[in-house]
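Position one of the sequence shown corresponds to residue 93 (the working numbering), numbered consecutively onward. Just below is one structure, and these are the notes that go with it.
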Amino acid sequence: MIEYLNKVSEFFKKHKHIKIFLIVLAISLISFQLRAQTADMGFTDNPQLKKMFADEHGRMYLIALDPYYYLRLSENLYKHGYIGETLKEVNGKLVPYDTCQYAPPGHPVSWEPPVICIVEVLLYEIWHSIDPTVSIMNAAFWVPAILSMLLGIPIYFIVRRATLSNLGGIVGALALISAPGLLYKTSAGFADTPIFEVLPILFIMWFIIEAIHNQNNIKKSLIFGSLAVILTALYPKMWGAWWYAFDIVSASLIIYGIYLILSKKLGNTIKHENVKNICYLIGFYIAGSALLISMAYGVNTFLTAFTAPLSYQIVLTTTEHATGWPNVYTTVAELSKPSFRDIVNNSIGGITLFILGIIGIFASFISLRHGKKEFDVKYAILLTIWLLATGYAATKGIRFAALMTPPLAIGVGILVGQIEKFVMMSRDKLVEYTLYPIVGLACLWSIANYGAKIPQILIPTTYIPIAAYTFLTLVVALALYKIGDIISSNTELKLKKGISLALAVALVLPPLANAVPFYTVPTFNNGWKESLDWIKNNTPDNAVITCWWDNGHIYTWATRKMVTFDGGSQNSPRAYWVGRAFSTSNEELAVGILRMLATSGDEAFKKGSVLMNKTHNNVSKTVKILNEILPLNRSAAYEILTEKYGLTDKEAKEVLNATHPKHPNPDYLITYNRMTDIAPVWSMFGNWNFDLPPNTSNDKREKGYYFKGKGVIYNNSIITKVRVGNLYYMTNIPFTMDNISTAVIAYKNGQPKIIGQVNFHKIIIKTPNGVIEKVLNKDGQLSEIVRVESDGRVYVWIATRNLEDSIYTRLHFLDGYGLKHIKLVKASYDPTNFGVQPGFKVYEVDYGKEYLK
Numbered sequence: 093m094i095e096y097l098n099k100v101s102e103f104f105k106k107h108k109h110i111k112i113f114l115i116v117l118a119i120s121l122i123s124f125q126l127r128a129q130t131a132d133m134g135f136t137d138n139p140q141l142k143k144m145f146a147d148e149h150g151r152m153y154l155i156a157l158d159p160y161y162y163l164r165l166s167e168n169l170y171k172h173g174y175i176g177e178t179l180k181e182v183n184g185k186l187v188p189y190d191t192c193q194y195a196p197p198g199h200p201v202s203w204e205p206p207v208i209c210i211v212e213v214l215l216y217e218i219w220h221s222i223d224p225t226v227s228i229m230n231a232a233f234w235v236p237a238i239l240s241m242l243l244g245i246p247i248y249f250i251v252r253r254a255t256l257s258n259l260g261g262i263v264g265a266l267a268l269i270s271a272p273g274l275l276y277k278t279s280a281g282f283a284d285t286p287i288f289e290v291l292p293i294l295f296i297m298w299f300i301i302e303a304i305h306n307q308n309n310i311k312k313s314l315i316f317g318s319l320a321v322i323l324t325a326l327y328p329k330m331w332g333a334w335w336y337a338f339d340i341v342s343a344s345l346i347i348y349g350i351y352l353i354l355s356k357k358l359g360n361t362i363k364h365e366n367v368k369n370i371c372y373l374i375g376f377y378i379a380g381s382a383l384l385i386s387m388a389y390g391v392n393t394f395l396t397a398f399t400a401p402l403s404y405q406i407v408l409t410t411t412e413h414a415t416g417w418p419n420v421y422t423t424v425a426e427l428s429k430p431s432f433r434d435i436v437n438n439s440i441g442g443i444t445l446f447i448l449g450i451i452g453i454f455a456s457f458i459s460l461r462h463g464k465k466e467f468d469v470k471y472a473i474l475l476t477i478w479l480l481a482t483g484y485a486a487t488k489g490i491r492f493a494a495l496m497t498p499p500l501a502i503g504v505g506i507l508v509g510q511i512e513k514f515v516m517m518s519r520d521k522l523v524e525y526t527l528y529p530i531v532g533l534a535c536l537w538s539i540a541n542y543g544a545k546i547p548q549i550l551i552p553t554t555y556i557p558i559a560a561y562t563f564l565t566l567v568v569a570l571a572l573y574k575i576g577d578i579i580s581s582n583t584e585l586k587l588k589k590g591i592s593l594a595l596a597v598a599l600v601l602p603p604l605a606n607a608v609p610f611y612t613v614p615t616f617n618n619g620w621k622e623s624l625d626w627i628k629n630n631t632p633d634n635a636v637i638t639c640w641w642d643n644g645h646i647y648t649w650a651t652r653k654m655v656t657f658d659g660g661s662q663n664s665p666r667a668y669w670v671g672r673a674f675s676t677s678n679e680e681l682a683v684g685i686l687r688m689l690a691t692s693g694d695e696a697f698k699k700g701s702v703l704m705n706k707t708h709n710n711v712s713k714t715v716k717i718l719n720e721i722l723p724l725n726r727s728a729a730y731e732i733l734t735e736k737y738g739l740t741d742k743e744a745k746e747v748l749n750a751t752h753p754k755h756p757n758p759d760y761l762i763t764y765n766r767m768t769d770i771a772p773v774w775s776m777f778g779n780w781n782f783d784l785p786p787n788t789s790n791d792k793r794e795k796g797y798y799f800k801g802k803g804v805i806y807n808n809s810i811i812t813k814v815r816v817g818n819l820y821y822m823t824n825i826p827f828t829m830d831n832i833s834t835a836v837i838a839y840k841n842g843q844p845k846i847i848g849q850v851n852f853h854k855i856i857i858k859t860p861n862g863v864i865e866k867v868l869n870k871d872g873q874l875s876e877i878v879r880v881e882s883d884g885r886v887y888v889w890i891a892t893r894n895l896e897d898s899i900y901t902r903l904h905f906l907d908g909y910g911l912k913h914i915k916l917v918k919a920s921y922d923p924t925n926f927g928v929q930p931g932f933k934v935y936e937v938d939y940g941k942e943y944l945k
């Protein structure tokens, strides 16, 4: 057996390229395997629930929301060769036009499709030719997982170049592909752009490092520089923030060039030829990128490399637009300012790897590549600037934390490579007596805590059997080589190689173990599909869907109807108007808002409109006027516009054509259970006070809340219990609605204690027989809403007073109780969130004819 292992070891030592190829292939396959886990739908063992989140062939729906936008574009591209829903003449030119997003009116889109759409369609055509049951969604599902096979390759080669350590390269690559933030956003099903945000910069950095490494060979240096320039020029097709790669590389090259020039002047032994070649590389990269980007996209696109960083900072830190409308981005979770812990967890997964990654970047200033210590900045400058730039970006929004993952992973790999080289070089017994035990204990700790997951790491999923078993075969082959390599060494080298391997295991086992099992629940499901199919098949072509923006991409894809706003257009004035429609208790106002948005879009309040011109672009005054006239009929609104606000007959009629149109588009409202949880967001925008200073923080603005609880029927009473903060509010509601009692309960040491009573404003109860309301305290600031189903189920919410009679309350909890113009027309199961069932509801808005009088 030992002889056989020695032969395996000798074979790989003689054929190093085969060894490197197998290492790279293994890294690629484990990256794919970790991301393929989502296809197993490990979030449940219930076969019926799995069917709820899968198509008719049992293939899981896409994850999250934005992927459905690109899916719709990909389907359009495949069907008629462009990504719009149709072609439309705009400014005398026929262009693809998206009639669904931010509609009406929609907007023109580029003839050139996003790269992700091209990849999805190509994969679909290949796969569909083999299996006719495959849909474009099925193909899109696997795009990020397949492309993720490339993620670890540049990391491996960058670390290997910096340290000459295969082990360090492997550790760096595994640290990257198992990082939680990147794992989620590049997993199978997350068919969005993050994979295209990360991949290009990894290869650009690799090629630049190779160009720097070959600075004494101008031909090789320019070849790698050319590859970096080409990728930089392609990057804008993949991501709007392409410029950060260009800025990092340019800054790093310039600083390195300055360092070489100064070092030479100070008498350091630096070849004149190397300085000259680096200067050529700097000019070639910057000029080449500028030329190609300007030729392909225009000079303005290239100039964003200098202007965009500042504008990103402004967008993320401003509460209001410069135009006076609220900034929705301040409430988007992934754009919220993260804590240090958030940055650590989302970038590399834990504080240990985070610290080691930073240490590794600084360690890269010292080279041990040639068996001796040398000060070497040629890789370190680039890696340091990369880490600092991405670290700064991460402090501005949690979604940017994943940008730190590559430099941190490289840092971890470099540290392992440096330690391996140091151990091999060291003859100091003190190192053996201190470093070796520490590494050994760390390895044992990792195995003790995570060793049970090693089988699952080796086979995370067998959904794609060939990937699973090929990876397993590669691991066995490489393990045999490493065992043979250690066995064939002398006693001293056996120990050193063993310690290096133990260090690698200690560092990669925890993140890999945390990556298995990995699963996430799709948002789209067959419950929603039932209602969305109803809209698609039973509503007019000019129907408009109005809901909060988060699921808009799903609605446009599933129905091909106009949608008021979505995840690509959420930061707009419509956030205020839709929030207002849901949070107001004035049905006439809500219907007026919906009628206006569904028919004329932004015409009544956009810049250049009659009202904005009349108020000198004062958004507050424009909003006040519209809120005043929208609930009224046309004649009353006309009178207010002309007599109170001084509009001419022509101006008033232009406003009314937008707010009180004679031929309005039909509107369908959607509510769903998660809207209850995010009520503080949409109600804040709906109650937005435009007269407050623009920099007023969101936590100081009015918003409403719903607190979910539980209820049971007992002894002719309804007993409810709702958690509000750290307290529990309990209510005993007799069927007679007399002698209602309440209690506020606090728990101390696990024991409940009544500390007071709840002063509810009113109790609202919906039963199969109707709705009952009872006012308890006219000064109360909370109300309780109880819904009793025919099967005895009891749903309970406590609402803040500003939402107790809101349109949302009356629609979602009370099925349209007390409303004249908005009627429930379809409801289906909502498995995505706790709440009333059926919890995905569609309402038709009946404008009537009275508003035209």
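We treat Cβ as the ideally placed atom computed from N, Cα and C, and that holds for glycine.
With respect to the C-alpha of Ile558, the residue from Gln125, Gly908, Val568 and Asn98 having the closest C-alpha is Gln125.
In this structure, Tyr528 and Leu601 do not form a Cβ contact; the two beta carbons are roughly 19 Å apart against a cut-off of 8 Å. Setting aside the 5 residues that flank it on each side, Ser898 is surrounded in the same chain by Ser675 and Ser677, each with a C-beta closer than 6 Å to its C-beta; the list follows chain order. Counting C-beta pairs with one atom in each stretch, the segment 795 to 815 and the segment 761 to 780 have three or more that are closer than 8 Å, which means they touch.
Under the 8 Å Cβ criterion, the segment 341 to 356 counts as touching the segment 371 to 391, having at least three qualifying pairs.
With respect to Leu275, Ala607 sits close: the two C-beta atoms are nearer than 7 Å.
Annotated three-state conformation of Leu868 is coil, per DSSP. Counting C-beta pairs with one atom in each stretch, the segment 420 to 428 and the segment 801 to 813 have fewer than three that are closer than 8 Å, which means they do not touch. Burial state of Ser101 is buried, judged by a 10 Å Cβ sphere holding 16 or more other Cβ atoms. Nearest to Cys535 by alpha-carbon distance, out of Ile549, Phe616, Ala594 and Trp478, is Ala594. Cβ neighbours of Pro923 within its own chain (closer than 6 Å, five residues either side excluded): Met144, Asn617 and Gly619. A Cβ-Cβ contact shorter than 7 Å links Leu319 with Phe299. For Asn824, the uninterrupted beta strand (DSSP E) segment begins and ends at Leu819 to Pro826.
For secondary structure counted as the alpha helix (DSSP H) over 4 or more consecutive residues, the segment 465 to 532 holds these complete runs in sequence order: 472 to 486 and 497 to 517. Assigned with DSSP and collapsed to three states, Trp640 falls in coil, not helix or strand. Following the DSSP letters along the chain, one finds Arg815 in no alpha helix (DSSP H) but inside the beta strand (DSSP E) bounded by residues Ser809 to Val816.
Counted as a single uninterrupted DSSP element, the stretch harbouring Gln929 is not any alpha helix (DSSP H), since DSSP gives it neither H nor E. Assignment of Glu181 by DSSP, reduced to helix, strand and coil, places it in the strand class. About 29 Å separates the beta carbon of Asn709 from that of Asn894, a gap too long to meet the 8 Å contact definition.
Taking the CA atoms as reference points, Phe932 sits about 12 Å from Trp626. Here the C-alpha atom of Gly317 lies approximately 44 Å from the C-alpha atom of Trp537. When DSSP assignments are scanned along the segment 726 to 804, the uninterrupted stretches of alpha helix (DSSP H) that are 4 or more residues long and fall wholly within it turn out to be 726 to 731, 741 to 751, 766 to 769 and 771 to 778.
By the Cβ rule, the segment 507 to 527 does not count as touching the segment 570 to 578, because fewer than three pairs are nearer than 8 Å. The beta carbons of Arg127 and Ser279 sit closer together than 7 Å. Here the segment 759 to 773 makes contact with the segment 638 to 649; the two share three or more CB pairs at distances below 8 Å.
Remark: C-beta atoms of Met330 and Val504 do not approach each other more closely than 7 Å.
Boundaries cannot be given for Arg151, as no alpha helix (DSSP H) includes it and DSSP labels it neither H nor E. The beta carbons of Lys845 and Ala838 sit about 5 Å from each other, so the pair counts as a contact at 8 Å.
Contact between Lys470 and Tyr348 holds, since their C-beta atoms are separated by about 6 Å, short of 8 Å. Under the Cβ criterion (8 Å, minimum of three pairs), the segment 193 to 207 counts as touching the segment 647 to 654. The residue from Ala283, Ser221 and Thr396 with its alpha-carbon nearest to that of Ala156 is Ala283. Per the DSSP secondary-structure output, Asp938 pairs with nothing in a beta bridge.
Counting along the chain, Ala682 sits inside the alpha helix (DSSP H) bounded by residues Glu679 to Ser692. For Phe288, the CB contacts under 7 Å within the same chain, skipping 5 residues up- and downstream, are Val207, Ile208, Met330 and Trp331 in chain order. Per DSSP, the beta-bridge partners of Pro200 are Tyr189. Counting along the chain, no beta strand (DSSP E) covers Arg252; the unbroken alpha helix (DSSP H) around it starts and ends at Gly244 to Thr255.
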